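Let me begin by presenting the structure, written as structure tokens, before commenting on it.
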Amino acid sequence: MNKHSDDVSEWTSISDLMASLFSIVMLFLVYFVINSTMEKIRKSKEAQEKKQNAQMDLAEQLRDELDLSFAKVLYDSISGIIVLEIEGDHSFEQGKACVMPAFEKALTSDKFLERIANLVKGDSARTIQIEGHSDITNVSEEIVTSKYRHCAVFDDNFSLSAQRAKNVAKTILEKIKDPADRAEVNKRISVVGYGPNRLINPNNPTGAENRRVEIKIIPFEKSIERIN
């Protein structure tokens, strides 16, 4: 009887030991998984911060290279998109799509063109989207001067804003000297016209601030996401 009790006690001890060992192994596994996950999160956060810092630096460089006192440079830290916002009074006349001289000069500076060409190259290649915006003034009501007559025949504000974006893209592409660079930029540049649908100042819908062009520098992965 005592022998049987000893055997049962021995098996119970072994069972307890195995359960303890199993618990210890599981604890180590849980610790390893948590530690590995935290390390991945840390590295991912560091990589994201590095990207954000690089984009912020790029935004500042673009501000300097565009060299326009009437241009704003905006940066979205979540999407990583950089926006060059050029105010309407200095980029286009009301109801017209010809790029004004000061704006054209800034767009075609060697530094800015070189930067645009470099942005679409390599592993960190970006895409460039040029957006045209207008105020709510009906284009058919505009008085067309002889100087800009060829720039002012539009059905509506959507066609006007699209032509503004197109003219900015055309101005950039025509002035890029290297054919290979020009071809690469051409593949990664797009234009869109929003008409009066995205007013900056809805309280003053005919204000010059609403007539503008936005040049968006979009990280390549974001452009893929948008397409999908």
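Every number in the working numbering is 896 more than the matching position in the sequence shown, counting from 1. We put the beta carbon where it would ideally sit given N, CA and C, even for glycine. From a predicted model like this one, the values you see are computed outputs, not experimental measurements.
1. Return yes when the Cβ of Phe999 is within less than 9 Å of the Cβ of Ile1024, no when it is not.
2. Over the uninterrupted beta strand (DSSP E) stretch that includes Arg1022, give me the two end residues.
3. For Lys1112, write down the residues that DSSP places opposite it in a beta bridge.
4. Using CA atoms only, rank isn't needed, just tell me which of Arg1078, Lys1073, Ser1086, Tyr1090 is closest to Leu1056.
5. How would you label Ala1076, buried or exposed, when you count the other beta carbons within 10 angstroms and need 16 or more for buried?
6. Does the Cβ-Cβ distance between Gly991 and Val1035 come in under 9 Å?
7. Which residues in the same chain have their Cβ closer than 8 Å to the Cβ of Lys1083, if we skip the five residues on either side of it in sequence?
8. Between the region 927-947 and the region 961-970, do three or more beta carbon pairs fall short of 8 Å?
9. Should Glu935 go down as buried or exposed, given a rule of 16 or more other Cβ atoms within 10 Å for buried?
10. If we ignore side chains and look at the alpha-carbon of each, how far apart do Lys874 and Ile937 end up?
11. Span of the beta strand (DSSP E) holding Ile1085?
12. Let me check you understand the geometry: is the CB of Ile978 closer than 8 Å to at least one non-hydrogen atom of the ligand HEM?
13. Beta carbon of Val1088, beta carbon of Glu1027: below 9 Å?
14. Let me know the secondary structure DSSP gives Val969 once reduced to three states.
15. Under three-state DSSP, which class holds Ile1096?
16. Let me know the secondary structure DSSP gives Asp1074 once reduced to three states.
17. If you run the structure through DSSP and keep just helix, strand and coil, what is Asn1063?
18. According to the Cβ coordinates, are Arg1108 and Ser987 closer than 9 Å?
Concretely, from the data shown:
1. Counting from one through the sequence shown, the residue named residue 1024 turns up at place 128. Counting from one through the sequence shown, the residue named residue 999 turns up at place 103. No; because the gap between Cβ atoms is not below 9 Å, this pair is not in contact.
2. Taking the first residue of the sequence shown as 1, we reach residue 1022 at position 126. That run of the beta strand (DSSP E) goes 1022-1029.
3. Along the sequence shown, one-based indexing puts residue 1112 at 216. Looking at the DSSP assignment, Lys1112 forms a beta bridge with Val979, Gln1025.
4. The residue you call residue 1056 lines up with position 160 of the sequence shown. It is Tyr1090 whose Cα lies nearest to the Cα of Leu1056.
5. The residue you call residue 1076 lines up with position 180 of the sequence shown. That one is exposed.
6. Locating residue 991 in the sequence shown gives position 95, where the first residue counts as 1. Locating residue 1035 in the sequence shown gives position 139, where the first residue counts as 1. Yes, the Cβ-Cβ distance between Gly991 and Val1035 is below 9 Å.
7. The residue labelled residue 1083 in the question sits at position 187 within the sequence shown. So the list reads Val1016, once near-sequence residues are dropped.
8. Taking 8 Å as the limit for Cβ pairs, the verdict is that the region 961-970 does not touch the region 927-947.
9. The residue labelled residue 935 in the question sits at position 39 within the sequence shown. Flag for Glu935 reads exposed.
10. Because residue 874 is not part of the residues shown, which for the chain are 897 to 1124, the question remains open.
11. Position 189 of the sequence shown, counted from the start, is the residue given in the question as residue 1085. Unbroken beta strand (DSSP E) run through Ile1085: 1085-1089.
12. For the structure depicted, the ligand HEM is absent and the ligand set is empty, with no information on it obtainable.
13. By one-based count along the sequence shown, residue 1088 stands at place 192. By one-based count along the sequence shown, residue 1027 stands at place 131. Yes; because the gap between Cβ atoms is below 9 Å, this pair is in contact.
14. Here the question's residue 969 lines up with position 73 in the sequence shown. Look at Val969 here: in three-state DSSP terms it is strand.
15. Numbered from 1 along the sequence shown, position 200 holds the residue referred to as residue 1096. Three-state result, Ile1096: coil.
16. Counted from its first residue, the sequence shown places residue 1074 at position 178. Correct three-state label for Asp1074: coil.
17. Taking the sequence shown and counting its residues from 1, the one referred to as residue 1063 is at position 167. In this structure, DSSP gives Asn1063 a helical state, which the three-state scheme calls helix.
18. Position 212 of the sequence shown, counted from the first residue, corresponds to residue 1108. Position 91 of the sequence shown, counted from the first residue, corresponds to residue 987. Their beta carbons are under 9 Å apart, which means Arg1108 touches Ser987 by this criterion.
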